[in-house]
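Q: Pasting a structure here, questions to come.
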Amino acid sequence: MVRIAVAGASGYAGGELLRLLLRHPHVDIGALTADSNAGRTVGEVQPHLAPLAERVLEKTTPDVLAGHDVVFLALPHGRSAAVAERLGPDVLVIDCGADFRLRDAGEWVRFYGSPYAGVWPYGLPELPGGREALRGVRRVAVPGCYP
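Residue numbers for the sequence shown follow the working numbering, beginning at -9 and rising by one.
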């Protein structure tokens, strides 16, 4: 089993991610965090996730996310970098937000108006060269711009 954590579990991307992960036979869902909804249950903020309804959302901290094989970051833009830098190098970190998607620092600042965090390999193996770019990496930026 792969032990995973989801930071930002109360938002749209976090909820959809959890909906998919609940069906995965080799996943053990560990920590679920949400800063603005910390202390509330998953059922209160994501009523469609009945199997997780009684789980209490925790504040997003590196200590809460430690000890997982994979940490998904489904945080608002500009928030993932601070969390990711405090997770160990052996943890696979998958950022569902925008923090590590853009290669150009100027474009990042123009679009988001906050400091540029850098770029991670883009997690879309269907793109030319995409599969090779993901081999062996421990940090991945995935497609976003959810409705």
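Where a beta carbon is used, it is the ideal one built from N, C-alpha and C, also for glycine.
Among all the DSSP beta bridges, which residues are the ones paired with leucine 63?
A: In the sequence shown, counting from the first residue as 1, residue 63 sits at position 73. Per DSSP, Ala(-3), Asp85.
Q: Which of helix, strand or coil does DSSP assign to tyrosine 2?
A: Reading the sequence shown from its first residue, position 12 is the one you call residue 2. Three-state result, tyrosine 2: helix.
Q: Assuming contact is defined by CB atoms lying nearer than 8 Å, are leucine 82 and aspartate 53 in contact in what I supplied?
A: Indexing the sequence shown from 1 puts residue 82 at position 92. Indexing the sequence shown from 1 puts residue 53 at position 63. Against a cut-off of 8 Å, the Cβ pair of aspartate 53 and leucine 82 comes out as no contact.
Q: Pull up the distance between the alpha-carbon of glycine 68 and that of alanine 107, whole angstroms please.
A: Residue numbering aside, residue 68 sits at position 78 when the sequence shown is read from its first letter. Residue numbering aside, residue 107 sits at position 117 when the sequence shown is read from its first letter. Distance between the alpha carbons of glycine 68 and alanine 107 is about 8 Å.
Q: Report yes or no: do the region 82 to 94 and the region 120 to 133 share at least 3 C-beta pairs separated by less than 8 Å?
A: Yes, they touch.
Q: Going by DSSP in three states, tyrosine 106 sits in which element: helix, strand or coil?
A: If you number the sequence shown from 1, residue 106 lands on position 116. Coil at tyrosine 106, not helix or strand.
Q: For a quick check, are the C-beta atoms of aspartate 80 and threonine 50 less than 8 Å apart?
A: One-based indexing of the sequence shown puts residue 80 at position 90. One-based indexing of the sequence shown puts residue 50 at position 60. In this structure, threonine 50 does not lie closer than 8 Å to aspartate 80 by Cβ.
Q: Where in the region 3 to 74 do unbroken runs of the alpha helix (DSSP H), each at least 4 residues long, occur, reported from the N-terminal end onward?
A: Whole alpha helix (DSSP H) segments, 4+ residues: 32 to 35, 52 to 55, 70 to 74.
Q: Assuming contact is defined by CB atoms lying nearer than 8 Å, are alanine 71 and aspartate 89 in contact in what I supplied?
A: On the sequence shown, position 81 is the one that residue 71 refers to. On the sequence shown, position 99 is the one that residue 89 refers to. Yes, the pair counts as a contact, with Cβ atoms nearer than the cut-off.
Q: Which residues in the same chain as alanine 74 place their Cβ atom closer than 6 Å to its Cβ, once the five residues preceding and following it in sequence are excluded?
A: Numbered from 1 along the sequence shown, position 84 holds the residue referred to as residue 74. Result list for alanine 74: Val83, in chain order.
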